[in-house]
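Participant: To convert a position in the sequence shown, counted from 1, into our numbering, add 14.
All C-beta atoms, glycine included, are put in the ideal place defined by N, C-alpha and C.
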Amino acid sequence: IIGIYYFKSGETLRSELQYLLDNNVVKGGEYQLTDGLENMKQKGLKFVPGTVDEWMDCGNKNVTVETNSRMLNFLHNDGETLVSTNIKNENSTIIPPCFIGDDVVLINATVGPNVSLGKGTIVDNSTIKNSLVQTNVTIKNATLDNAMIGNHASFDGNFTSISIGDYSVLE
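(1) How about the segment 164-174 and the segment 137-155: do they share at least three Cβ pairs that are nearer than 8 Å?
(2) Going by other Cβ atoms of all chains shown within 10 Å of its Cβ, with 16 needed for buried, is Pro63 buried or exposed?
(3) Quick one: any contact between the segment 76-83 and the segment 49-62, if contact means 3 or more CB pairs under 8 Å?
(4) DSSP beta-bridge partners for Lys12?
(5) Here's the rule I'm using: 16 or more other beta-carbon atoms within 10 Å means buried, otherwise exposed. How should Cys112 be labelled?
(6) Please classify Leu35: does DSSP put it in a helix, a strand, or coil?
(7) Do Ser106 and Leu120 count as a contact pair if the criterion is CB distance below 7 Å?
(8) Relative to the C-alpha of Asp117, which candidate in Asn100, Thr124, Lys57, Pro127 has its C-alpha closest?
Put into structure tokens, the structure is as follows:
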């Protein structure tokens, strides 16, 4: 079962995923979303398929960033509005396509192309391209390309000390 999924209510999916966790249903050392989806199908939930013209993966950082870039280009070419009207832009340049969420603050920054910035992110004195940045992130004094940054992270390119979590990578 490949692709993007939309559920009117996520409670059934949440319940199936909790079942996988509670019963340690693991394949290849990982919990599989598709196991939860298959359980839902077995219980009678109907999935309506759409056409898959091409496969876009999100299995690791590099392909996730590439998939994000491709999706931004598709949406931009379709005329979608990707930049919130509720941002603060001080002396900054946005190079499309970019998704910029609500309450983003850009100060002396160049963002794009192919960048997604989640809600509440602050980018100060930085250049970011080909990157995916989640919500409430602070980036200062940085030059980032092909980066993926999770929620509530803070990155200062002039760092002298770091605190990173499990499975983090600095290259």
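Facilitator: According to the structure data:
(1) yes
(2) exposed
(3) no
(4) The requested residue 12 is not part of the displayed model; the chain covers only 15 to 185.
(5) buried
(6) helix
(7) yes
(8) Asn100
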